[in-house]
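For reference, the structure discussed in these notes is given below.
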Amino acid sequence: MERDSVTPPSRAARKLLARLDLSRDEIDARLALALDSGYWKSLYPAFSVNDESSALPRADALTASQYERLADHLTRRGYFHADSVLESETIDAMRGCIEAVRSAGWPPVFAYVYDQFWTIWRVAPIKQMVQAGLGEGYRLISHPWCHYVNPVAGASGWPPHVDGNLANRLSVWIPLTDATLDNGCIYVVPGDQNFARIGELRELKSATNLQLRELMQRGRALPASAGAIMGWHFRILHWGSVASGGGHPRISTVMEFIKAEEAGLPSEMPLFDLDRGLPPLLQRLFAIGRAINHYKRFELRMRRYAGLGRALMRVGDAANRESAATAT
């Protein structure tokens, strides 16, 4: 049920997907565009690239009572859900950015070249909830992602999984459109459920009919309006449900965080402290490239861009080494 346990595509499917891969010339052309901040600025002029003066999105801090309730829920149940805490103007602009990126033929995650997809994680309510789960001094793991579930029957988010068998980490998810029962909202299995008859979820390789029924019954649907924030510890089982068709797409963005004292795995590096500044474009592209290759097991269409992802990681690796040398 962890990320790596997703069933790989069949041999026939891999052959079919290989025919759709970007060619060497296409990779080179896209790589040149990706490295050009002017290209991105022209693609979506409302947003900036590597402008440290970019205004922090407006979002009021949670009230004391809101914070206490949500922090208690995160502590006891392993997840939280705060509805409608981000301004509609901010959410509309982020959604427009993803649509512009997609229309230009890029995977949605390339929205993370823009400053606003990084500064959003610095707003007060998100900082409050990440600190509630991880304490002061937390950092971002370089695993950004944007989800786009089309409003067609049978489309879905990612299948049931946990984000990893790792402590001291938290995922935070922001819907940029309303996430409903019809377009594939998130489901979670709360962490305080008694799984004595099931065993540890992350240790299960298969499940009996009884265990499966019990897991299904324990699931909680989390419909959310655009501008909500929700999050969960890595060991919380969750998934995106299947859309019934019609309506609007389910668009969202997600980021992962790690406790200050926790050493990141090699696959999580570099770690970012946004209070010390936004990552430069090359580091953003490195994170995007790795995310494409890391998450292609969930979204088969991302396999088309795997070669581009590897190329982005190669050019971004120098920026990572320079950043690491500066930090030491």
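So the sequence shown is numbered by the working numbering: it starts at 784 and just counts up by one.
Each residue gets a CB set at the ideal place from its N, CA and C atoms; glycine is no exception.
When the options are compared against residue i, the one with the closest alpha-carbon
{"i": "ALA950", "options": "ARG1033, ILE1019 and THR991", "result": "ILE1019"}
{"i": "LEU1126", "options": "ALA829, ASP1056 and PRO1062", "result": "As shown, the chain starts at 784 and ends at 1111. That puts residue 1126 outside it, with no answer to give."}
{"i": "ASN1103", "options": "ARG1086, MET1085, PRO1049 and ASP961", "result": "PRO1049"}
{"i": "LEU818", "options": "VAL832, TYR827, ARG807 and SER806", "result": "VAL832"}
{"i": "LEU857", "options": "ILE1012, ILE1034, GLY920 and ALA1094", "result": "ILE1012"}
{"i": "LEU917", "options": "SER806, GLU1044, GLY974 and ARG807", "result": "GLU1044"}
Beta-carbon contacts of residue i that lie in its chain and below 8 Å, excluding the five residues immediately before and after
{"i": "ALA979", "result": "Only weak support is given to the placement of ALA979: the predicted model assigns it a pLDDT of 45, under 50, and the value that follows is read from those uncertain coordinates. Excluding positions up to five away in sequence, the list is empty."}
{"i": "TYR931", "result": "ILE881, ARG885, PRO891, PRO1032, ARG1033 and ILE1034"}
Euclidean distance between Cα positions of residue i and residue j
{"i": "HIS770", "j": "TYR862", "result": "Because the chain is modelled from 784 through 1111, residue 770 falls outside the range shown and cannot be assessed."}
{"i": "VAL892", "j": "MET877", "result": "12 Å"}
{"i": "ALA1074", "j": "ASN948", "result": "18 Å"}
{"i": "GLY1014", "j": "ALA815", "result": "35 Å"}
{"i": "LEU1061", "j": "ARG996", "result": "45 Å"}
{"i": "GLY967", "j": "GLY1023", "result": "6 Å"}
{"i": "GLU919", "j": "GLN911", "result": "10 Å"}
{"i": "ARG1084", "j": "GLU809", "result": "16 Å"}
{"i": "MET1038", "j": "ARG807", "result": "30 Å"}
{"i": "LEU1064", "j": "ARG1001", "result": "42 Å"}
{"i": "ARG1080", "j": "LEU998", "result": "23 Å"}
Beta-carbon proximity check, residue i vs residue j, cutoff 8 Å
{"i": "ARG1072", "j": "GLY1047", "result": "Going by the sequence as given, residue 1072 is Gly instead of Arg. No."}
{"i": "PRO934", "j": "ALA1070", "result": "no"}
{"i": "GLY1030", "j": "ASP965", "result": "yes"}
{"i": "ALA1089", "j": "ASN1076", "result": "yes"}
{"i": "LEU853", "j": "ALA844", "result": "no"}
{"i": "LEU959", "j": "ALA915", "result": "no"}
{"i": "LEU805", "j": "ARG1087", "result": "yes"}
{"i": "ALA936", "j": "GLY821", "result": "no"}
Unbroken beta strand (DSSP E) run spanning residue i, endpoints
{"i": "ALA1004", "result": "1003-1005"}
{"i": "TYR970", "result": "969-971"}
{"i": "SER871", "result": "Per DSSP, SER871 belongs to no beta strand (DSSP E); it is in the alpha helix (DSSP H), 871-886."}
{"i": "HIS1077", "result": "No beta strand (DSSP E) contains HIS1077, which is instead part of the alpha helix (DSSP H) from 1064-1078."}
{"i": "THR1036", "result": "1033-1041"}
{"i": "MET1013", "result": "1012-1016"}
{"i": "VAL917", "result": "According to the sequence displayed, residue 917 carries Leu and not Val. First-last for LEU917: 907-917, but that is the alpha helix (DSSP H), not the beta strand (DSSP E)."}
{"i": "GLY920", "result": "First-last for GLY920: undefined, no H or E at that position."}
Own chain, CB closer than 6 Å to residue i, minus 5 neighbours either side, in chain order
{"i": "TYR895", "result": "PRO927, ARG1067 and ILE1071"}
{"i": "THR1036", "result": "CYS929 and ILE957"}
{"i": "THR963", "result": "PRO1006"}
{"i": "ALA938", "result": "VAL932 and ALA1026"}
{"i": "ILE903", "result": "PRO840"}
{"i": "ARG859", "result": "ASP975"}
N-terminal and C-terminal residue of the alpha helix (DSSP H) that residue i is part of
{"i": "TRP823", "result": "820-826"}
{"i": "LEU949", "result": "Premise fails: LEU949 is in no alpha helix (DSSP H) and is neither H nor E."}
{"i": "TYR850", "result": "847-860"}
{"i": "ARG813", "result": "807-817"}
{"i": "TRP901", "result": "899-902"}
Spatial neighbours of residue i in its chain, beta-carbon cut-off 7 Å, leaving aside the 5 residues before and after
{"i": "ASP834", "result": "ASP898"}
{"i": "VAL913", "result": "TYR921, LEU953, VAL955 and PHE1040"}
{"i": "ALA887", "result": "LEU826"}
{"i": "ILE909", "result": "VAL955 and ILE1012"}
{"i": "ALA842", "result": "VAL868, LEU869, GLU870, VAL906, ALA907 and PRO908"}
{"i": "TYR1078", "result": "TRP928 and MET1085"}
{"i": "ASP787", "result": "At ASP787 the pLDDT is 46, less than 50, meaning the model places this residue with poor confidence; the figure from the coordinates comes in the next sentence. Answer for ASP787: no residue qualifies."}
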